[in-house]
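Chemist:
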Amino acid sequence: MVEIKIDLEKCDGDGTCVDVCPVEVLEVKDGKAVVINLDECLVCRACEVQCPNNAIEIIE
38 MVEIKIDLEK CDGDGTCVDV CPVEVLEVKD GKAVVINLDE CLVCRACEVQ
88 CPNNAIEIIE
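With the sequence shown counted from 1, adding 37 to any position gets you the numbering used here.
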């Protein structure tokens, strides 16, 4: 099972992770990224790589 850790102190809610995710795993709520569909995650790591603040970590 995959885990997506989001460092809320680093996250500025710019939505890059939401835009690059091919299966809509993430959403911005109250100015921060949150996981809404973990079961759909393809572990492509696009969100992790593209986050400008390095706020996302994918753990397999």
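All residues carry an ideal CB built from backbone N, CA and C; glycine is no exception.
Taking the Cβ atom as the reference point for each residue, do residue 42 and residue 96 lie within a distance shorter than 8 Å?
Modeler: Taking the sequence shown and counting its residues from 1, one reaches residue 42 at position 5. Taking the sequence shown and counting its residues from 1, one reaches residue 96 at position 59. Yes, Cβ-Cβ distance for residue 42 and residue 96 is below 8 Å.
Chemist: For residue 83, which three-state DSSP category applies?
Modeler: Working through the sequence shown from its first residue, we reach residue 83 at position 46. Annotated three-state conformation of residue 83 is helix, per DSSP.
Chemist: Measure the CB-CB distance between residue 64 and residue 55 and report whether it falls below 8 Å.
Modeler: As a first step, residue 64 is located in the sequence shown; it is residue number 27 there, counting from the start. As a first step, residue 55 is located in the sequence shown; it is residue number 18 there, counting from the start. Yes; because the gap between Cβ atoms is below 8 Å, this pair is in contact.
Chemist: If I follow the unbroken beta strand (DSSP E) through residue 55, where does it start and stop?
Modeler: Reading the sequence shown from its first residue, position 18 is the one you call residue 55. Taken as a continuous stretch (DSSP letters only), residue 55 belongs to no beta strand (DSSP E), being part of the alpha helix (DSSP H) at 53 to 57.
Chemist: Check residue 40 in the structure and name its three-state DSSP category.
Modeler: The sequence position of residue 40 within the sequence shown is 3, counting from 1. Here residue 40 sits in strand by DSSP.
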